[in-house]
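To start, the structure under review is shown below, and the notes come after it.
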Amino acid sequence: MSVFTEEEILKYAFAAVVEDGRRYFSRGKVFNITFVGNDIIASVRGEQTYKVVVNREKEGLRFGCNCGFSFGGACEHVVAVMLAANEHQAIQIGIDWDSPVVEEPEIKKEPALVEVDESEQDLVVPPEDALVIEIEAGKPVGRLYLSESDSMLLVELRFAYHFGSVEFNRMDTSLFRLILSDDGKYYRIFRSKARESSMNAMLAQFELMRYQSGIYTPVCDPRIWILQELPRLAKEGFEIYGQEKLTTTNARKAIPKLSVNIKSEENVFDCAITISFDGISATLAELVMAVRQGSRFVLLTDGTSGVIPQEWLDRFAGLFAALDIGTSQNSVKIKNSHLALANLLYDMADEKIADEKFSKKREDFQNFSGIHTQSPPGNFFATMRPYQMAGYEWFYFLKRYHFGGCLADDMGLGKTVQTLALLTKEKESGLEHPSLVIVPTSLLFNWQREASKFSPGLRVHIYHGASRQKYLETAASSDVILTSYGTVLRDTGLFMDMKFHFIILDEAQAIKNPASQITRAIKQLQGNYRLALSGTPIENNLTELWSLFSFINPGMLGTYRNFAHNFVKPIERELNEG
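Taking my numbering, the leading residue of the sequence shown gets 85, the next gets one more, and so forth.
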């Protein structure tokens, strides 16, 4: 004889839940089955011991379980008890349900919950000789059960009486519960509807809106709600359940740990970044996305979120804006000229690894005490003035740290002489590739004349004119290639295939427009070091400065969008208003 048919079980539980219930039953997880009136009371072992009650009424089945299942229908523990009841000895021999039959408990039995509907109270009675003790339970304790439906956080309100052993939810209309204590006594626990209504109304003060009867959802980001509102509810006396099982709506409060591994490559530092919370990490792509959106939360690999400290958010925002990192990258490429940014990242890290090359540059940078003096080249026939020697030595400071620079002396102060001194000294040190000097067409022969006068040993080739490509091989074997901006634009493909030691722009305001063809062409050239010479690096506006620096130190001023937002627009607005 079966108490519950297969069709009846499937009517009250989802198919997947029924399968889980079968596994609980087949593995002997159901114990302490008790039959009292129309109620079946039992315990089920799972992650903890769950209490289950199943009650048959005229309208159908009613059931309850303290597992927190709140998605409609019976949970797997209720299904397991139904299946166990079908094979219970008392049912098989046809014992009347009104006679209580209790198995020998395997563990100490807690009070069993018996759900009683207000309109059917006379259907549930204890044995005739039992003493029923009525208790005014006083103020109930509010319980909030947290669960998820896709990315939605659900908050179910329940009320606990009698030291938490009796629980009602908002759908429950009964006025009392009958419990069987472990000492064999029956207690009737009366609920306080007024207190429950007051607690229910209180939830509106904590950023919650009604989802359905007894269930609420936050009006803000659920992760923010958990961080800000849930602690306030706990202080008001609400007990919180289920938070540890949340994934997409839960944020880890642990202090994050930043790990950095820096490896030196040609002209760049490859920086692998890992951020983790309680050992659960986030990908660099998720970190970049969170920072760019200004979000305090980063998605972790287990589906939960981590809370990014505001200080980290501010620093990463500047770092990622300066480096223009793509969301598909697995590491950050930081140019040698951005050593300060690499140092910032290294200093932020809790765990850090760096190769010898980076460590040496970092040490040199930290111990910097001034620009070193340099002796002038031996085969150089010009006496440089003190300010010219300072510019010449500054060139070597830039080279030492792999920075680009702009020499912005006024016209007539000898920018050409200082540059020729640098190129002559570099020739003495030995060159693998020629240097490229790009000048306005009108200055080509002036540069050639100055080079012949002051550095006759410097092999200078003018790459210009209709027959220029015939002498490309000669140009490639020289120390310095002199050419014009127009020639570079016409022969961009040829120049892109060549590798240069220095790329030097004279009258560098020629690339003041970042969208111009010549600017785009020059930025594609390959050189170990980059210099610009200009008496007027900013002729009209700050955009010209950004364009110049996008060549000499790419990325140092960040993306143009960020530069315009943070500097161009505020400064120009202030000037206009002034």
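All C-beta atoms, glycine included, are put in the ideal place defined by N, C-alpha and C.
Asked	Found
Using 8 angstroms for Cβ pairs, my map puts residue 238 next to residue 284. What's the rounded Cβ distance?	Wrong, their Cβ atoms sit about 16 angstroms apart, outside the cutoff.
Helix, strand or coil, according to DSSP, for residue 466 in the structure here?	coil
For a test of the three-state rule: what should DSSP assign to residue 135, helix, strand or coil?	strand
Let's test the definition: count the other Cβ atoms within 10 Å of the Cβ of residue 418 and tell me whether it reaches 16, buried, or not, exposed.	buried
Cα separation between residue 291 and residue 304?	7 angstroms
Smallest Cα separation from residue 540: which of 476, 461, 608 and 653?	461
Our contact map puts residue 586 next to residue 611 with C-beta atoms below 8 angstroms; I'd like the distance itself, whole angstroms only.	6 angstroms
Ignore the nearest five residues each way along the sequence and tell me which others in residue 578's own chain have a CB closer than 6 angstroms to its CB.	none
Rounded to the nearest angstrom, what separates residue 602 and residue 641 at their Cα positions?	20 angstroms
Quick one: Cα of residue 653 to Cα of residue 480, how far?	35 angstroms
Can you find at least 3 beta carbon pairs, one from the region 371-391 and one from the region 344-360, that sit closer than 8 angstroms?	yes
Residue 501 to residue 525, Cα distance in whole Å?	19 angstroms
Can you give the beta carbon distance from residue 364 to residue 353, rounded, assuming they're within the 8 angstroms contact cut?	27 angstroms between Cβ atoms; not a contact.
Output the distance between the C-alpha atoms of residue 118 and residue 295, rounded to the nearest integer angstrom.	36 angstroms
Per DSSP, residue 147 is paired with what?	138
Rounded to whole angstroms, what's the CA-CA distance from residue 87 to residue 145? Just pull it up for me.	11 angstroms
By the 10 Å Cβ neighbour count, where 16 or more other Cβ atoms means buried, how is residue 467 classified, buried or exposed?	exposed
When the Cα atoms are used, what is the spatial distance from residue 396 to residue 403?	10 angstroms
Which residue from 92, 244 and 651 puts its Cα closest to that of residue 143?	92
Looking only at C-alpha atoms, which of 287, 297, 149 and 293 sits nearest to residue 322?	287
Buried or exposed: where does residue 166 fall if 16 or more other Cβ atoms within 10 Å of its Cβ makes it buried?	buried
Does the Cβ of residue 472 have 16 or more other Cβ atoms within 10 Å, making it buried, or fewer, making it exposed?	buried
Name the DSSP bridge partner or partners of residue 294?	300
Can you tell me whether residue 227 is buried or exposed? The criterion is at least 16 other CB atoms within 10 Å of its CB, across all chains shown.	buried
Rounded C-beta distance between residue 163 and residue 102? I'm assuming under 8 angstroms.	5 angstroms
So is residue 623 in contact with chain D if we call contact Cβ pairs under 7 angstroms?	Here chain D cannot be found, since the structure has a single protein chain.
Do the region 632-639 and the region 439-452 touch if we need at least three Cβ pairs shorter than 8 angstroms?	no
Just reading off the beta strand (DSSP E) that residue 609 is part of, what are its end residues?	Note, residue 609: premise wrong, no beta strand (DSSP E); not H, not E.
Confirm, please, whether the CB-CB distance from residue 589 to residue 522 is below 7 angstroms.	yes
Which residue wins for smallest C-alpha separation from residue 533, given the options 504, 517, 549 and 513?	504
Of all the beta strand (DSSP E) runs that stay within the bounds of the region 398-469, which reach a length of 3 or more residues?	416-419 and 435-438
Could you check the C-alpha separation between residue 582 and residue 560 for me, to the nearest Å?	8 angstroms
With 16 other CB atoms within 10 Å as the buried threshold, where does residue 160 fall?	buried
Hey, could you find the ends of the alpha helix (DSSP H) residue 104 is sitting in?	99-110
In this structure, does DSSP put residue 275 in helix, strand or coil?	coil
Quick one, which of 491, 317 and 575 has its alpha-carbon nearest residue 289's?	317
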